[in-house]
Ligand code: ARG
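Numbering (my numbering), first residue to last: 1108 to 1562.
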C-alpha cells in the first residue's frame, strides 16, 4: 500500500497539488478525523477496537508532523491523503475504515472551519491587546490637545485621547464583526458526505459537540460547497486592515517634520541607506502597504466562488492560500500596531501649539455670536470675512481690533479674546463629543467595555 492516489501522478499533476500549503490544517484535520472515528465506533459502524487503533494512530501522525519528522508527499496531492496514507503505514487495515461515511469534501470543510475559528480567536485577542494599548496611551496623554482635521485641514481642537478613542471604536467594531462571523463559522459540515449525506446511522450532533461546534449544517449540498464563512472572515479582516492602515497613515503623517506630533521607539523606525538624518516609519508604511493583499484575498475568493454550480468543485481548493496569507498578515499587522503604539512618545507641546492656531477658533467665534442672538449663518459669514482679513495680515483672528470685528458684526465685544483651544473643546459637551470631561467618561466606559469583552 503506497497511498490512495486517485490517478497516475505525473509532472502535469503537480498543477492540482495542495499539500505544500494545506498541511497547515493538519491539527484541525486530525481533530476532525478523531471525532469522526470515535463516532463511527460508538454507532457500531466500525468496531470500537478499530476506532481505538485509528485514534491512537492519528495521535502518532500528529506527533510526527509536529516534530517535523513527517515526510510530505506531493504525489498524494493534499494533506488529507498524506495523513491517511501514513496512518495506514502505521496501523494497517483499520486505517482503511476511517473514511467510511465521509468524503474529502465534508472533511476539508470541517478542517477549514476549525482553522478559521481558531484564527478568529487569536485575531480577537490581538485586537483586544491593541485596544488596551490605545487606552493606556490615551490615559497617559490625557491633557494633550491637538487639532482635529477635516480634509487634512486644521478644523477644531480636540483632546488627543478623543482621537485615540476613535480608533478604539473602530477596532471594537472589528472584534464584533469577527464574533458575529464566528457564529456562522462554528457549524459542522461533517456528515454531509460528498454532497448528499451518507447511508450510515451517523450521530452528527455528537461529533459537533466533540469538536466544539454550536450546530450542524442543515443541508449537505450547501455544507460541502459553502465558503461564505471564509468570505466573512476575509471581509472582517480586510476592514480591520483598513483601520490599521488609517492609523498607520496617521503615524506616518505625525512622524513627519511638518507635523512632529509623534516619535516612534527606535525599534519601529529604520534609517536610510543614503540619508543619515532619516528615521523612517517603515513598520507603519508596511502595515499600510500590506492592507492591499488582504483586500486581494477577499476579492480573490469572491471571484473564485462566483459562478460555481453546486456542489463541491475543485476550484474550492483555491480558498486556502489567500485565507492563510490574510491570517498571517492580519496577525503580524495587529502585533506591529500594538508595538508601535505602546512604544511611542507624543509631542504634546507641538500638538498644543498647532491646536492653539487661532484659526481653529473660527467656529467658536461664530458660536459666541450665536450666544449673543446672531443667527448662525450671519455669524458664519462675519467670521469668515474676518478670517480672510486676519490671514492677509498674518495675525490671529481673535486678536483683530474690536472696531474691525464690529464692522462685520455689531455683537462683538471684548469677550471674544477669551476664546481659546481648551475652552473650544470644553464647550463640546455632548455625549460622544470632545469636551475633556466627556472624553474622561468615554475613556472609563471604554475600559469597562474592554474588560467585559475579556470576560
Ligand atoms: N484538497 C481538496 C480541497 O482543498 C480536498 C477536497 C478534495 N475533494 C475532491 N473531491 N477532490 O478542496
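C-beta: ideal position from N, C-alpha, C; glycine also.
Item, Value
"Restricting to Cα atoms, I'd like to know which of 1309, 1238, 1464 is closest to residue 1350.", "1238"
"Measure the CB-CB distance between residue 1405 and residue 1341 and report whether it falls below 7 Å.", "yes"
"Relative to the alpha-carbon of residue 1247, which residue among 1258, 1225, 1272 has its alpha-carbon at the smallest distance?", "1272"
"Keeping to the same chain, check which residues put their C-beta closer than 6 Å to that of residue 1277; ignore five residues upstream and five downstream.", "1350"
"Beta carbon of residue 1265, beta carbon of residue 1186: below 7 Å?", "no"
"Nearer than 6 Å: is that true of the beta carbon of residue 1120 relative to any heavy atom of ligand 1?", "no"
"Identify every run of the alpha helix (DSSP H) within the segment 1400–1430, keeping only runs that are complete inside it and at least 4 residues long; order them along the chain.", "none"
"What does the alpha-carbon distance come out to for the pair residue 1311 and residue 1293?", "14 Å"
"Do residue 1213 and residue 1331 have their beta-carbon atoms positioned less than 7 Å apart in this structure?", "yes"
"Looking only at its own chain, which residues have a Cβ that is under 7 Å from the Cβ of residue 1440, when we skip the five neighbours before and after it?", "1348, 1351, 1394, 1397"
"Please confirm if the segment 1298–1313 is in contact with the segment 1386–1393, defined as three or more CB-CB distances below 8 Å between the two stretches.", "no"
"Name the residue from 1505, 1375, 1346 whose alpha carbon lies nearest to the alpha carbon of residue 1359.", "1375"
"Could I get the ranges of all uninterrupted alpha helix (DSSP H) runs contained in the segment 1115–1163, with 4 residues as the minimum, in chain order?", "1126–1129, 1133–1149"
"Could you check if residue 1413 is buried or exposed, using at least 16 other CB atoms within 10 Å of its CB as the buried criterion?", "exposed"
"Which one or two residues does DSSP pair with residue 1516 in a beta bridge?", "According to DSSP, which records beta bridges pairwise, residue 1516 is partnered with nothing at all."
"Is the number of C-beta pairs between the segment 1446–1465 and the segment 1481–1489 that are closer than 8 Å three or more?", "no"
"When burial is assigned at 16 or more other CB atoms within 10 Å of the CB, is residue 1192 buried or exposed?", "buried"
"For ligand 1, is there a heavy atom less than 6 Å away from the beta-carbon of residue 1209?", "no"
"Let me check one thing: in DSSP terms, what residues is residue 1260 bridge-paired to?", "1257"
"In the DSSP assignment, find the unbroken beta strand (DSSP E) run with residue 1371 in it and report its ends.", "1369–1371"
"Between the Cα of residue 1142 and those of 1189, 1446, 1309, 1270, spot the shortest distance and give me the residue it belongs to.", "1309"
"Would the segment 1513–1520 count as touching the segment 1542–1549 if we require 3 or more Cβ pairs under 8 Å?", "no"
"Just verifying my parser: in three-state terms, what is the DSSP assignment at residue 1610?", "Residue coverage of the chain in this structure runs from 1108 to 1562, which leaves residue 1610 outside it and unanswerable."
"Considering only C-alpha positions, which residue in the set 1493, 1228, 1498, 1501 is nearest to residue 1510?", "1493"
"Between the Cα of residue 1147 and those of 1197, 1179, 1268, 1205, spot the shortest distance and give me the residue it belongs to.", "1205"
"Between residue 1234 and the rest of its own chain, which residues show a CB-CB distance below 8 Å, the 5 nearest in sequence each way excluded?", "1278, 1281, 1282, 1285, 1347, 1441"
"Is any heavy atom in ligand 1 found nearer than 6 Å to the beta carbon of residue 1125?", "yes"
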